[in-house]
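The numbers in this note's numbering rise by one with no breaks, and the one at position 34 of the sequence shown is 15. Cβ coordinates follow ideal geometry from the N, Cα and C atoms, glycine included.
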Amino acid sequence: QVQLVESGGGLVQPGGSLNLSCAHSGSRFNIKAMGWYRQAPGKQRELVATITSRAGTTYENFVKGRFTISRDIAKKTVYLQMNSLKPEDTADYYCYADTLDDFRSWGQGTQVTVSS
């Protein structure tokens, strides 16, 4: 199991930016993918973006061109840079990590509110 700690959420105006961070406790040699989900009030949790151990990235259509997922191996941290934020991006954002034994670990979540 990997311990994950998210940070960087907050309140931002429409059109603004936030950079979420997810620090993990695991070995990069044991993690095959990490990413972000989000869950808006009253809605199901949905995938946002993924980065694999080979740094391949995927994005859901609703964030393409606005969000960027990246990682810093030395800092054991994955980031989600969110630009051009919209009110519909308001949600709790959760980091996850998939290990080679097919176990998925979750962070505690960080709240993002986009409002004027």
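Item to check | Bridge-paired residues (DSSP) for N42 | outcome: If you number the sequence shown from 1, residue 42 lands on position 61. Under DSSP, N42 shares a beta bridge with no residue.
Next on the checklist: Per DSSP, what are the beta-bridge partners of Q62 in this structure?
Outcome noted: Position 81 of the sequence shown, counted from the first residue, corresponds to residue 62. DSSP, once it has assigned bridges, lists N0 and T49 as partnering Q62.
Checklist entry - Are the Cβ atoms of V(-7) and L66 separated by less than 8 Å? => result Taking the sequence shown and counting its residues from 1, one reaches residue -7 at position 12. Taking the sequence shown and counting its residues from 1, one reaches residue 66 at position 85. Taking a C-beta distance under 8 Å as the contact criterion, V(-7) and L66 qualify as a contact pair.
Next on the checklist: Any contact between the segment 23 to 30 and the segment 82 to 97? By contact I mean 3 or more CB pairs, one from each, below 8 Å.
Outcome noted: Contact between the segment 23 to 30 and the segment 82 to 97 is absent: fewer than 3 CB-CB pairs across the two stretches fall below 8 Å.
Item to check | Sequence-distant residues of its chain with Cβ nearer than 6 Å to T38 (five each side left out) | outcome: To locate residue 38, count along the sequence shown from 1; it is residue 57. So the qualifying residues of the chain are I32 and I50.
Checklist entry - Since I32 sits in a beta bridge, which residues does DSSP pair it with? => result Stepping through the sequence shown from its first residue, residue 32 is reached at position 51. In the DSSP output, where bridge partners are listed per residue, I32 has M15 and T38.
Item to check | D70 (DSSP reduced to helix, strand or coil) | outcome: Translated into the one-based positions of the sequence shown, residue 70 becomes position 89. When DSSP states are grouped into helix, strand and coil, D70 belongs to the helix group.
Checklist entry - Contact check, Q20 vs D73 under 8 Å by CB: the rounded distance? => result Locating residue 20 in the sequence shown gives position 39, counting from the first residue. Locating residue 73 in the sequence shown gives position 92, counting from the first residue. The C-beta separation of Q20 from D73 comes to about 5 Å, placing the pair in contact by the 8 Å criterion.
Checklist entry - Is A55 closer than 8 Å to M15 when the C-beta atoms are compared? => result Mapped onto the sequence shown, residue 15 falls at position 34. Mapped onto the sequence shown, residue 55 falls at position 74. No.
Next on the checklist: Along the chain, where does the beta strand (DSSP E) containing G(-9) start, and where does it finish?
Outcome noted: Your numbering for residue -9 matches position 10 in the sequence shown. In this chain, the beta strand (DSSP E) harbouring G(-9) covers G(-9) to V(-7).
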